[in-house]
Amino acid sequence: MAENGLASRLYNGEAGLNIVGRRKLWFGVAGVLILIAILSFGLRGFSLGIEFAGGNSFQVPASVGTLEDAEREVNSALATENTGVEVATAQKVGGPGGDSYELRTPQLEVDQANAVKAQIAEDLGIDINQISSNQVSEAWGSQVTERAVLGLVIFIALVMVYLILRFEWRMAVAAVSSLFMNLILTAGIYSLVGFEVTPSTIIGFLTILGFALYDVVVVFDKVQENTRGITANNNQTYSEAANLAVNQSLMRSLNTSVVALLPVGGLLFIGAGLLGAGTLKDLGLVLFVGMAVAFLTSILVATPLLALLKNYDPRIQAHNKRVLARRGALSRGEVTPKGAPSPAQADGADAAIDPDAAALAGAAPKVGARPAGKRPTGARGGRPGGGGNRPGGAKRR
1 MAENGLASRL YNGEAGLNIV GRRKLWFGVA GVLILIAILS FGLRGFSLGI
51 EFAGGNSFQV PASVGTLEDA EREVNSALAT ENTGVEVATA QKVGGPGGDS
101 YELRTPQLEV DQANAVKAQI AEDLGIDINQ ISSNQVSEAW GSQVTERAVL
151 GLVIFIALVM VYLILRFEWR MAVAAVSSLF MNLILTAGIY SLVGFEVTPS
201 TIIGFLTILG FALYDVVVVF DKVQENTRGI TANNNQTYSE AANLAVNQSL
251 MRSLNTSVVA LLPVGGLLFI GAGLLGAGTL KDLGLVLFVG MAVAFLTSIL
301 VATPLLALLK NYDPRIQAHN KRVLARRGAL SRGEVTPKGA PSPAQADGAD
351 AAIDPDAAAL AGAAPKVGAR PAGKRPTGAR GGRPGGGGNR PGGAKRR
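Numbered continuously in UniProt numbering, the sequence shown closes out at residue 397.
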């Protein structure tokens with residue numbers, strides 16, 4: 001019984017999941033999710049780090065106590081100096097001098113930042129030189145965003161060219177649409193949950209594009225293999241062949257995604273969660289979310305969209321009509337399925353059941369059979385035993 005389980009059938013491509021045939025459902029779900037993401041962009045926006053919004057950061061030694069103690073003291077110093085702001089984010093970071101706590105605040109004036117730094121040192125009872133402060137302008141984040149958008153445009157252009165040369169333009173359109181949906185949904189999750197957007201997040205976004213493209217290419221390669229020369233026979237429509245390719249490559253895509261998510265999950269949950277490496281959190285989050293979404297979009301969006309685009313091709317339309325017409329004729333009994341016995345053969349099979357009928361049927365010569373007369377004796381099909389015209393073929397006395 002275990003051999004017929006779902007995992008075994010998935011591995012052998014025999015699960016028979018109707019993914020392409022339910023494309024309206026997947027497109028509807030995708031449309032709702034995209035709408036939610038876009039509404040979140042407009043209503044909630046993003047939680048921008050100081051690299052994009054501008055701000056100040058203060059680093060204090062981890063020896064002062066826990067992270068909560070450091071955050072409480074910095075907030076007290078900010079209130080003492082009447083800055084009107086509080087700590088936005090706090091995390092533990094590592095460095096050459098040992099572990100420290102980094103506390104980020106909205107942007108302060110230079111005099112305010114220096115006064116807050118001195119007040120923190122006084123409250124914590126440490127030397128002011130043990131505290132480092134930095135001020136980041138939002139202009140730097142704007143430059144990072146511009147470079148990231150430029151990199152995205154170049155990447156998409158190169159991907160389009162590669163997919164058109166490797167496959168065809170419809171596959172290129174379906175793959176790029178899947179990539180954009182992957183970006184929108186990942187960004188929507190960031191907006192809804194309130195994850196902080198940092199330069200590491202931007203790097204992670206560009207990284208998941210490569211993974212999403214790889215997953216789509218794996219599926220499309222199998223689709224191309226199954227649909228090569230499909231119009232030469234009337235057994236499958238294009239959508240059915242594409243759905244078979246998805247089933248056959250589903251286990252491979254799942255294994256690839258799981259193997260990729262395991263180290264990223266370790267980076268996120270162990271490195272950032274248990275060990276407190278806060279600098280890994282931003283990169284780990286976007287990679288984990290993006291890779292998981294990429295697996296779903298490559299299976300549920302890219303291939304169904306490709307089948308939809310191909311069905312507008314007149315050649316594929318004509319092929320699909322021939323397949324459906326042949327199936328209709330088969331269901332009405334107008335056409336004998338390939339390999340099935342013809343009506344005459346079926347009558348012969350019925351006669352074989354009756355011994356008398358079988359005897360009569362055996363007496364009748366088969367089409368193309370030799371006459372039933374006695375075959376001449378001798379070697380090589382009735383030639384004289386002496387070998388015919390060969391020398392030495394005379395009959396011995």
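Idealized CB from N, CA, C, for every residue including glycine.
Check	Outcome
Measuring alpha carbon to alpha carbon, tell me which residue in Val286, Lys24 and Gln119 is nearest serine 191.	Val286
Among Ala88, Arg22 and Pro304, whose alpha-carbon lies nearest the alpha-carbon of serine 47?	Ala88
Leaving aside the five residues before and after threonine 207 along the sequence, list all residues of the same chain whose C-beta is less than 6 angstroms from its C-beta, in chain order.	none
Following the continuous alpha helix (DSSP H) through phenylalanine 180, name the residue where it begins and the one where it ends.	169 to 193
Expressed to the nearest angstrom, what Euclidean distance is found between the alpha-carbon atoms of threonine 198 and tyrosine 312?	43 angstroms
Considering glycine 151, what are the terminal residues of the alpha helix (DSSP H) in which it resides?	138 to 166
State the DSSP-derived secondary structure class of leucine 135, mapped to helix, strand or coil.	Going by the sequence as given, residue 135 is glutamine instead of leucine. Correct three-state label for glutamine 135: strand.
Straight-line CA distance for isoleucine 120 to lysine 281?	26 angstroms
For a quick check, are the C-beta atoms of leucine 306 and alanine 174 less than 7 angstroms apart?	yes
Is it buried or exposed, isoleucine 353, if we count other Cβ atoms within 10 angstroms and call 16 or more buried?	With a pLDDT of 42 at isoleucine 353, under the threshold of 50, the predicted position of this residue should be treated as unreliable, though the coordinate-derived value follows. It counts as exposed.
Going by DSSP in three states, glutamate 102 sits in which element: helix, strand or coil?	strand
Keeping to the same chain, check which residues put their C-beta closer than 7 angstroms to that of lysine 196; ignore five residues upstream and five downstream.	This sequence places glutamate at residue 196; lysine is not what is there. Same-chain partners within the cutoff: Ser47, Gly49, Thr89 and Asp282.
Bridge partners for serine 239 per DSSP, in chain order?	Serine 239 is not bridged to any residue.
Ordered along the chain, which non-local residues of its own chain (more than five positions away) have a Cβ less than 7 angstroms from that of asparagine 243?	Asn18, Ile19, Val20 and Gly21
Given that a residue counts as buried once 16 or more other Cβ atoms are within 10 Å of its Cβ, and exposed if not, what is glycine 188?	buried
Out of Ser177, Arg166 and Phe52, state which residue places its alpha-carbon closest to the alpha-carbon of serine 137.	Phe52
Hey, quick one: how far does the alpha helix (DSSP H) through phenylalanine 27 stretch, first residue to last?	23 to 43
Whose C-beta lies closer than 6 angstroms to the C-beta of alanine 346 among residues of the same chain, with five residues either side of it excluded?	Since pLDDT at alanine 346 reaches only 44, below the 50 mark, its modelled position is unreliable, and the value read off the structure follows with that caveat. Contacts found: none.
In three-state terms, what does DSSP make of valine 223?	helix
Please state if the CB of aspartate 215 and the CB of serine 253 are separated by a distance shorter than 7 angstroms.	yes
Could you give the residue range of the beta strand (DSSP E) that holds residue 406?	Nothing in the structure corresponds to residue 406, since the chain is present only between 1 and 397.
Helix, strand or coil for glutamine 107, going by three-state DSSP, please let me know.	coil
Compare the beta carbon distance of isoleucine 184 and isoleucine 34 with 7 angstroms and say whether it is the shorter of the two.	yes
Can you grab the Cα-Cα spacing for the pair threonine 145 / valine 93, in whole Å?	24 angstroms
Is there contact here, the stretch 102 to 120 with the stretch 61 to 75, by at least three beta-carbon pairs under 8 angstroms?	yes
Could you round the C-beta distance between methionine 171 and leucine 163 to whole angstroms and report it? I think they count as a contact, below 8 angstroms.	6 angstroms
Thinking threonine 83 and valine 116 are a contact (beta carbons under 8 angstroms), I'd like their distance in whole angstroms, please.	7 angstroms
Taking the alpha carbon of glutamine 143 as the reference point, which residue from Ile202, Phe180 and Val85 has its own alpha carbon closest?	Ile202
Quick check: leucine 124 and valine 64, are their CB atoms within less than 7 angstroms of each other?	yes
When burial is assigned at 16 or more other CB atoms within 10 Å of the CB, is asparagine 389 buried or exposed?	Model confidence at asparagine 389 stands at a pLDDT of 43, short of 50, so the residue's coordinates are unreliable; what they give is reported in the following sentence. By the 10 Å Cβ count, asparagine 389 comes out exposed.
Return the CA-CA distance between arginine 9 and valine 264, expressed in angstroms with no decimal places.	28 angstroms
Using three-state DSSP, classify threonine 89 as helix, strand or coil.	strand
What separation, rounded to the nearest whole angstrom, lies between the Cα atoms of isoleucine 36 and glutamine 91?	30 angstroms
Measure the Cβ-Cβ separation of asparagine 129 and valine 293 and say whether it is below 7 angstroms.	no
In terms of residues, what are the limits of the alpha helix (DSSP H) holding glutamine 317?	314 to 331
Taking DSSP's pairing of strands, which residues face glutamate 196 in a bridge?	Ser47
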